[in-house]
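2 protein chains.
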Amino acid sequence: MDTPPQTHDPSPHDDVRMRGFAARSTVDDAVRWVDEHTCPLPPAKEPITTAHRRVLAENVVSAINVPAFVRSAMDGYALRAAESSGAGMYNPLTFAVVGQSLPGRACGRTVGAGEAVRIMTGAPLPLGADAVVPVEVAQESEGRVAITDTVAVGKHVGSIGEDIAAGTTVLQAGRRLRPQDVAVLASLGIAEAPVVGQPRVRIIVTGNELVQPGEQRGEHQIFEANSHLLRGLIPRDGGIVATVEHVPDDRDAIRAALIAPGADVVLVSGGSSVGAEDHAPSLVAEVGQLAIHGIAMRPSSPTGIGRIGETLVFLLPGNPVSCLCGYDFFAGRAIRLLCGRSPDWPYRHSTEPLARKIVSAIGRVDYCRIRRDLAGIVPLAISGASILSSTTRADGFVILRAESEGHAPGGTVTVHWYDD
Amino acid sequence: MDTPPQTHDPSPHDDVRMRGFAARSTVDDAVRWVDEHTCPLPPAKEPITTAHRRVLAENVVSAINVPAFVRSAMDGYALRAAESSGAGMYNPLTFAVVGQSLPGRACGRTVGAGEAVRIMTGAPLPLGADAVVPVEVAQESEGRVAITDTVAVGKHVGSIGEDIAAGTTVLQAGRRLRPQDVAVLASLGIAEAPVVGQPRVRIIVTGNELVQPGEQRGEHQIFEANSHLLRGLIPRDGGIVATVEHVPDDRDAIRAALIAPGADVVLVSGGSSVGAEDHAPSLVAEVGQLAIHGIAMRPSSPTGIGRIGETLVFLLPGNPVSCLCGYDFFAGRAIRLLCGRSPDWPYRHSTEPLARKIVSAIGRVDYCRIRRDLAGIVPLAISGASILSSTTRADGFVILRAESEGHAPGGTVTVHWYDD
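Residue numbers (the working numbering), protein chains in the order written: chain A, 1181 to 1600; chain B, 1181 to 1600.
Here it is as structure tokens:
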């Protein structure tokens, strides 16, 4: 296919096996289909101990004041601020220590004139006192404390609701929970957070040539890598790997795996293309809808997208770079949308100078692995879908849009970096 | 303490309770102590299914060629390239289809003159053939295939070792495993990766005033937040939360919790300062070494650092912002170093224009929460160690070094962003 591929109205009835794709969808069409058929999963209550990095499904409004009582912000002595007037290094003022206030319980003692109560950080301020003198400027002995600095009213005292006032919207729906957000929920007494559900993802690996690492391998077999790739990608995007199944290149076995319940997303690795044993596309068309099959991109052009009932199905090419690329363009996007995250690529990106030209074909999106060199960005590969090691040698990748013929050296490109 | 704090030679025998810190260590000293007492944990074998994002402890050298046999890179027809000479749209050349090569098994048939073998991606190239004509330029009917394009020798054929040659160092020690790195290990047949161990972290929460979210709270009690904060931070840095214990402000209970075995790192939340009930510092000095106690920083100045046997101990202030800050400066660094990662802050950072001045005190490191405004970066707070919501309202933070008096508006600052 040297001519630019065309967009076509996807027809699930084409049998492309040993014929090739008559036409291919555009990447934009495929992304649009994903976006139109994906929305955040219903909310679920998640214990805050495991709610980190989940997405809030609802606004959180505080039902309480934090703190709920007037408390000390320092270890020191609670007293009447006005009575500290004139205290200094050369003029210590002394107070009778009439009691102690510890965190967690009321202090029975009221502070009167000339009196102080020993108090710890977080303990309730005793009645009568209106400030705390920190231990650093106080010296206690024999039932009296000498202070060597003045304090103003309210000094080192935490007022009711100063952290969070009751009725405040503390966190907004759509927020991805930071560690401190979860801590704020805890401080409000909230034990379960209302978060967007987590998509359950089933991985179906096809291919009679595959054996698992650690197993005995025949002369023409290869070690299966794609499930191990996907096991790293799916949790990154917020999905749960529900099951990993290894299925022979057999229509009945693949059909049974496709229609098994219990997943929001099914990823099929291998058998997605136009080979005689590539059963998955026609099976998806048979038991569901094959909306997209064949995409104008390199690698990953044999990617298929559809659904069976409410379950999204992504047919990812068996070539490992294609699997990574097809996952990242489409399946990862769907998983991120399902769990309420931004659909954007989950890679850090930056604009960088290009040291050597990148060549691309008009009409096709190219995924070009690159390295950062002293001189700038250097392309590694666009083709070579089977060369997985290109994605470990690379520092990141550049996406070349369908209308691009490539980039000349000296220009700039947007690089997505594989590492954080 | 309005005078700049001094560095001091830490003496574990100072009892600072209700006296205050006579002097404070510098942040640099504390960081140096952490770095000097922390090195990557011993290597462990981790199944590749759970090795994602772990750090390789050894170089990985491939024992095999990938692929290990000559294979087709396309679905199509294997034949002798020289015989395709002259083929074109208006000059189809036909070959007898004498067999089929499927992935995973040897193809018994040798390709002779005028012959072709139907072949799938990943299947072994039959003897006699030296190229593959893709299905897109081939049409098979009644035992013969007509091809409409020429192919060069080796076209669409994957040679032995073209992805990875036996003997190649595929991944270097110290590498944080990307999803595709784990897939490369799988493709080499490696079922267990040699990775740096994961630090087990015990969380000890002290404070009689604390109740758990969801529990009944008394009038002067507060909901415990710090363990929920730390549960999000520790896994981010590569640690495992081994246990979370809630311990009363009681010396014997805290001592027992401190000396319990089974952790690489112990984090104590609360009771780290100079209050009458702040037992942890003197207990660490008693059963181990309290190397640092009191640090010239705000918030988190009551942080303590030491060790009990081989276990690193961090005494984190009970005030939640101090807990976050003390964790991020020191404990998180230790956990990252233990699991072989970079000690650097795990936050994305960038240089940004400052819209309003930030004031800092010389002699003290300040952790200033900021927001990004239309005009630039706006400081939110330096003090207010109890105001946890400041870290949810903030977009990130700026560190002001000990020698800094702050920054004037119009200058630039390095912002660390809380969100990815």
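Glycine residues also receive a C-beta, built at the ideal position from the N, C-alpha and C atoms.
> Cβ atoms of threonine 1348 of chain B and serine 1242 of chain B: under 7 angstroms apart, would you say?
Replying inline: Taking the second sequence and counting its residues from 1, one reaches residue 1242 of chain B at position 62. Taking the second sequence and counting its residues from 1, one reaches residue 1348 of chain B at position 168. Their beta carbons are under 7 angstroms apart, which means serine 1242 of chain B touches threonine 1348 of chain B by this criterion.
>> Could you tell me which whole beta strand (DSSP E) segments of length 3 or greater appear in the segment 1459-1486 of chain A?
In response: Annotation: the segment 1459-1486 of chain A contains the following complete segments of the beta strand (DSSP E) (minimum length 3 residues), in chain order: 1469-1473.
>> With the cut-off set at 7 angstroms, would you say aspartate 1255 of chain B and valine 1454 of chain A are in Cβ contact?
In response: Counting from 1 along the second sequence, the entry for residue 1255 of chain B is found at position 75. Counting from 1 along the first sequence, the entry for residue 1454 of chain A is found at position 274. Yes.
> Taking Cβ positions only, does asparagine 1245 of chain A come closer than 7 angstroms to chain B?
Replying inline: Against the first sequence, residue 1245 of chain A aligns to sequence position 65. False, the Cβ-Cβ gap to chain B never drops below 7 angstroms.
> Which residues, taken in chain order from the segment 1550-1571 of chain A, show a beta carbon closer than 7 angstroms to some beta carbon of chain B?
Replying inline: Here the close residues are Ser1566, Ile1567, Leu1568, Ser1569, Thr1571.
>> Please report whether the beta-carbon of tyrosine 1598 of chain B lies at a distance below 7 angstroms from any beta-carbon of chain A.
In response: The residue you call residue 1598 of chain B lines up with position 418 of the second sequence. Judged by the 7 angstroms Cβ criterion, tyrosine 1598 of chain B is in contact with chain A.
> Do you know whose CA, among A/Ala1309, A/Ser1462, A/Val1350, lies nearest alanine 1262 of chain A's CA?
Replying inline: Counting from 1 along the first sequence, the entry for residue 1262 of chain A is found at position 82. Comparing Cα positions, the closest option is A/Ala1309.
>> So, with DSSP's three-state summary, where would you put asparagine 1271 of chain B?
In response: Sequence index remark: in the second sequence, residue 1271 of chain B carries index 91 (1-based). If DSSP states are grouped into helix, strand and coil, asparagine 1271 of chain B belongs with the strands.
> So, is the C-beta of isoleucine 1344 of chain A closer than 7 angstroms to a C-beta in chain B?
Replying inline: Position 164 of the first sequence, counted from the first residue, corresponds to residue 1344 of chain A. Yes, contact with chain B.
>> Using the three-state DSSP reduction, which class does tryptophan 1597 of chain A fall into: helix, strand or coil?
In response: Here residue 1597 of chain A refers to the residue found at position 417 when the first sequence is read from its first residue. Here tryptophan 1597 of chain A sits in strand by DSSP.
>> Within 8 angstroms, do at least three Cβ pairs link the segment 1426-1437 of chain B to the segment 1358-1367 of chain B?
In response: No, they do not touch.
>> Quick check on alanine 1405 of chain A - is its C-beta less than 7 angstroms from some C-beta in chain B?
In response: Here residue 1405 of chain A is taken as the residue at index 225 of the first sequence, counted from 1. It does; some Cβ of chain B falls within 7 angstroms.
>> Suppose only complete runs of 3+ residues qualify. What are the beta strand (DSSP E) ranges in the segment 1366-1441 of chain A, listed by chain order?
In response: List check, beta strand (DSSP E) in window: 1372-1376, 1380-1386, 1420-1427.
>> Pop quiz: alanine 1267 of chain A and leucine 1273 of chain A are said to be a contact at Cβ under 8 angstroms. What is the actual Cβ separation, rounded to whole angstroms?
In response: On the first sequence, position 87 is the one that residue 1267 of chain A refers to. On the first sequence, position 93 is the one that residue 1273 of chain A refers to. Taking 8 angstroms as the upper bound for CB-CB distance, alanine 1267 of chain A and leucine 1273 of chain A are in contact here, some 4 angstroms apart.
> Unbroken beta strand (DSSP E) runs of length 3 or more, entirely within the segment 1530-1570 of chain B: which are they?
Replying inline: Listed in chain order, the beta strand (DSSP E) elements of length 3 or more contained wholly in the segment 1530-1570 of chain B are 1545-1553, 1556-1561.
>> Starting from valine 1350 of chain A, trace the alpha helix (DSSP H) in both directions and tell me its first and last residue.
In response: What you label residue 1350 of chain A is simply residue 170 of the first sequence in a count that begins at 1. For valine 1350 of chain A, there is no enclosing alpha helix (DSSP H); the residue is part of the beta strand (DSSP E) that begins and ends at 1349-1351.
> Per DSSP, what kind of secondary structure is phenylalanine 1249 of chain A in: helix, strand or coil?
Replying inline: Within the first sequence, numbered from 1, the residue matching residue 1249 of chain A stands at position 69. Three-state DSSP puts phenylalanine 1249 of chain A in coil, outside helix and strand.
> What number of angstroms, rounded off, separates the C-alpha of isoleucine 1601 of chain A from the C-alpha of phenylalanine 1577 of chain A?
Replying inline: In the structure as shown, chain A starts at 1181 and stops at 1600, and residue 1601 of chain A therefore has no counterpart that could be examined.
>> Counting only C-beta atoms, is proline 1304 of chain A closer than 7 angstroms to chain B at any point?
In response: The sequence position of residue 1304 of chain A within the first sequence is 124, counting from 1. Judged by the 7 angstroms Cβ criterion, proline 1304 of chain A is in contact with chain B.
> Helix or strand or just coil, what does DSSP make of glutamate 1316 of chain A?
Replying inline: On the first sequence, residue 1316 of chain A is found 136 positions in, with the first residue counted as 1. Glutamate 1316 of chain A: helix per DSSP, three-state reduction.
> Who are the neighbours of glycine 1455 of chain A on chain B, taking C-beta pairs under 7 angstroms?
Replying inline: The residue given as residue 1455 of chain A occupies position 275 in the first sequence. Scanning chain B for C-beta atoms nearer than 7 angstroms to the C-beta of glycine 1455 of chain A yields Asp1255, Met1300, Thr1301, reported in chain order.
> If contact means a Cβ-Cβ distance below 8 angstroms, which residues of the segment 1270-1304 of chain B contact chain A?
Replying inline: So the list reads Gln1280, Leu1282, Pro1283, Gly1284, Arg1285, Ala1286, Arg1298, Met1300, Thr1301, Gly1302, Ala1303, Pro1304, given in the order they occur along the chain.
>> Since valine 1445 of chain B and glycine 1419 of chain B should fall inside the 8 angstroms C-beta cutoff, what is the C-beta to C-beta distance between them, to a whole number of angstroms?
In response: Walking along the second sequence from the start, residue 1445 of chain B turns up at place 265. Walking along the second sequence from the start, residue 1419 of chain B turns up at place 239. The Cβ separation is near 7 angstroms, so the contact holds.
> So, helix, strand or coil for phenylalanine 1510 of chain B, using DSSP?
Replying inline: Working through the second sequence from its first residue, we reach residue 1510 of chain B at position 330. Correct three-state label for phenylalanine 1510 of chain B: helix.
>> For arginine 1234 of chain B, would you say it is in contact with chain A, using Cβ-to-Cβ distances shorter than 7 angstroms as the test?
In response: Residue mapping note: residue 1234 of chain B aligns to position 54 of the second sequence, counting from 1. No, arginine 1234 of chain B does not count as interfacial toward chain A.
>> Suppose you measure from the CA of proline 1359 of chain A to the CA of arginine 1251 of chain A; what does that come to, to the nearest Å?
In response: Sequence index remark: in the first sequence, residue 1359 of chain A carries index 179 (1-based). Sequence index remark: in the first sequence, residue 1251 of chain A carries index 71 (1-based). C-alpha of proline 1359 of chain A to C-alpha of arginine 1251 of chain A: approximately 25 angstroms in a straight line.
> Apart from the five residues just before and just after valine 1246 of chain B, which ones in its own chain have a Cβ nearer than 6 angstroms to its Cβ?
Replying inline: Translated into the one-based positions of the second sequence, residue 1246 of chain B becomes position 66. Here the set comprises Asp1343, Ile1344, Ser1367.
> Identify the residues that DSSP records as bridge partners of valine 1337 of chain A: which are they?
Replying inline: For this step, residue 1337 of chain A is matched to residue 157 along the first sequence. BP columns for valine 1337 of chain A point to A/Ser1252.
>> Against chain A, does histidine 1400 of chain B count as a neighbour if the rule is that its beta carbon must be under 7 angstroms from one of theirs?
In response: Walking along the second sequence from the start, residue 1400 of chain B turns up at place 220. Yes, histidine 1400 of chain B lies at the interface with chain A (some Cβ there is under 7 angstroms from its Cβ).
> Roughly how far, in whole angstroms, is the beta-carbon of threonine 1301 of chain A from the beta-carbon of leucine 1518 of chain A, given that I think they are within contact range, below 8 angstroms?
Replying inline: The residue you call residue 1301 of chain A lines up with position 121 of the first sequence. The residue you call residue 1518 of chain A lines up with position 338 of the first sequence. Not confirmed; about 44 angstroms, so no contact.
> When you compare only the Cα positions, how much space is there between aspartate 1508 of chain A and valine 1297 of chain B?
Replying inline: Working through the first sequence from its first residue, we reach residue 1508 of chain A at position 328. Working through the second sequence from its first residue, we reach residue 1297 of chain B at position 117. The alpha-carbon separation between aspartate 1508 of chain A and valine 1297 of chain B amounts to approximately 35 angstroms.
> Between the C-alpha atoms of proline 1227 of chain B and alanine 1253 of chain A, what's the straight-line distance to the nearest angstrom?
Replying inline: Counting from 1 along the second sequence, the entry for residue 1227 of chain B is found at position 47. Counting from 1 along the first sequence, the entry for residue 1253 of chain A is found at position 73. Distance between proline 1227 of chain B and alanine 1253 of chain A, taken at the CA atoms: about 48 angstroms.
>> At a CB distance below 9 angstroms, what residues from the segment 1363-1397 of chain B approach chain A? Give them in sequence order.
In response: Of all residues in the segment 1363-1397 of chain B, only Ala1363, Val1364, Leu1365, Ala1366, Ser1367, Leu1368, Gly1369, Ile1370, Ala1371, Glu1372, Gly1387, Asn1388, Glu1389, Leu1390, Val1391, Gln1392, Pro1393, Gly1394, Glu1395, Arg1397 place a beta-carbon less than 9 angstroms from a beta-carbon of chain A.
> Helix, strand or coil: how does DSSP classify proline 1359 of chain B here?
Replying inline: As a working note, residue 1359 of chain B is residue 179 in the second sequence. Reduced to three states, the DSSP call for proline 1359 of chain B is helix.
> Using the beta-carbon of each residue, which ones in chain B are nearer than 8 angstroms to threonine 1330 of chain A?
Replying inline: Position 150 of the first sequence, counting from 1, holds the residue named residue 1330 of chain A. Result: empty, since nearest Cβ-Cβ is about 12 angstroms, beyond 8 angstroms.
>> What residue range does the beta strand (DSSP E) around alanine 1296 of chain B cover?
In response: In the second sequence, counting from the first residue as 1, residue 1296 of chain B sits at position 116. Taken as a continuous stretch (DSSP letters only), the beta strand (DSSP E) holding alanine 1296 of chain B covers 1295-1299.
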